[in-house]
Amino acid sequence: PNANITVRIPASKLDTTLNFLRGLSIKVVWENVYGEDVTDQYEDINAKLATLNKTKARIEALFDQAVEVSDLLGIQQEIINIESQIDSQKGRQNYLEKNAQLARISINLSTDEFSLPYAPSETWRPEVIFKQAVRSLVGLLRNLATAVIWLTVYSVVIIPSVLVLRYLLRKKELKK
Numbered sequence: 001p002n003a004n005i006t007v008r009i010p011a012s013k014l015d016t017t018l019n020f021l022r023g024l025s026i027k028v029v030w031e032n033v034y035g036e037d038v039t040d041q042y043e044d045i046n047a048k049l050a051t052l053n054k055t056k057a058r059i060e061a062l063f064d065q066a067v068e069v070s071d072l073l074g075i076q077q078e079i080i081n082i083e084s085q086i087d088s089q090k091g092r093q094n095y096l097e098k099n100a101q102l103a104r105i106s107i108n109l110s111t112d113e114f115s116l117p118y119a120p121s122e123t124w125r126p127e128v129i130f131k132q133a134v135r136s137l138v139g140l141l142r143n144l145a146t147a148v149i150w151l152t153v154y155s156v157v158i159i160p161s162v163l164v165l166r167y168l169l170r171k172k173e174l175k176k
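Residue numbering for the sequence shown follows the UniProt record's numbering, starting at 1 and increasing by one per position.
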């Protein structure tokens with residue numbers, strides 16, 4: 001049995017909810033946590049609201065100066081239009097505020113390890129294995145060459161020491 005779950009939760013309860021969901025299953029197949037940074041959009045809306053409010057104030061000043069009924073009606077219609085835009089931007093701003101406080105979790109859970117399809121943890125890449133084997137061989141040859149160089153340098157001390165030791169051991173055996 002598998003389950004795909006997608007939930008929106010307050011960001012403050014993210015860890016608690018993730019731990020709860022993970023505890024429901026034997027294996028978490030995958031999980032994604034989504035959060036959205038709305039700072040730029042929020043600032044954009046603030047700038048638009050400031051511009052719309054200034055425009056509305058200018059148009060209201062024109063409304064106070066208008067004399068003709070047709071001018072008053074046109075200005076009133078423009079004020080209604082701008083108020084509608086302001087309300088729309090405030091609604092978007094409220095949506096962004098609420099959305100920023102939520103995180104979305106998508107998680108795939110399994111309660112039975114045997115029901116999961118077999119998927120190797122890594123793909124088999126023979127060319128990579130070949131390169132690793134060649135590197136290992138080169139490393140081994142390099143270490144052997146290093147050992148031969150060290151032995152050659154120390155042979156000046158080792159060979160005479162071995163010869164003296166053999167001589168002393170033979171001499172000791174001959175005395176017996």
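Each residue gets a CB set at the ideal place from its N, CA and C atoms; glycine is no exception.
Quiz prompt | Where P160 sits in the DSSP three-state scheme | solution = On the sequence shown, position 160 is the one that residue 160 refers to. Residue state, collapsed to three classes: helix.
Quiz prompt | K13 versus T6 - alpha carbon distance | solution = Taking the sequence shown and counting its residues from 1, the one referred to as residue 13 is at position 13. Taking the sequence shown and counting its residues from 1, the one referred to as residue 6 is at position 6. When rounded, the distance between both Cα atoms is 15 angstroms.
Quiz item: Using the C-alpha atoms, what's the distance from I26 back to residue 194?
Solution: Within the shown structure, residues of the chain are numbered from 1 to 176, placing residue 194 beyond reach of any answer.
Self-check item: Classification of A103 by the beta-carbon crowding that lies within 10 angstroms, buried from 16 upward
Solution: Residue mapping note: residue 103 aligns to position 103 of the sequence shown, counting from 1. That one is buried.
Quiz prompt | Cβ pair count under 8 angstroms reaching 3, the segment 46-66 against the segment 79-92 | solution = yes
Exercise. For the alpha helix (DSSP H) holding I45, just list the boundary residues, first then last.
Key: Counting from one through the sequence shown, the residue named residue 45 turns up at place 45. Unbroken alpha helix (DSSP H) run through I45: T39 to Q65.
Practice problem: Could you please give the first and the last residue of the uninterrupted beta strand (DSSP E) stretch that includes L102? | Solution: Within the sequence shown, numbered from 1, the residue matching residue 102 stands at position 102. Counting along the chain, the beta strand (DSSP E) containing L102 begins and ends at L102 to S110.
Quiz item: Between E43 and V138, what straight-line distance do the alpha-carbon atoms span, to the nearest angstrom?
Solution: Along the sequence shown, one-based indexing puts residue 43 at 43. Along the sequence shown, one-based indexing puts residue 138 at 138. Distance between the alpha carbons of E43 and V138: 59 angstroms.
Quiz item: Just how far apart, CA to CA, sit Q65 and Q85?
Solution: Translated into positions along the sequence shown, residue 65 becomes position 65. Translated into positions along the sequence shown, residue 85 becomes position 85. Distance between the alpha carbons of Q65 and Q85: 24 angstroms.
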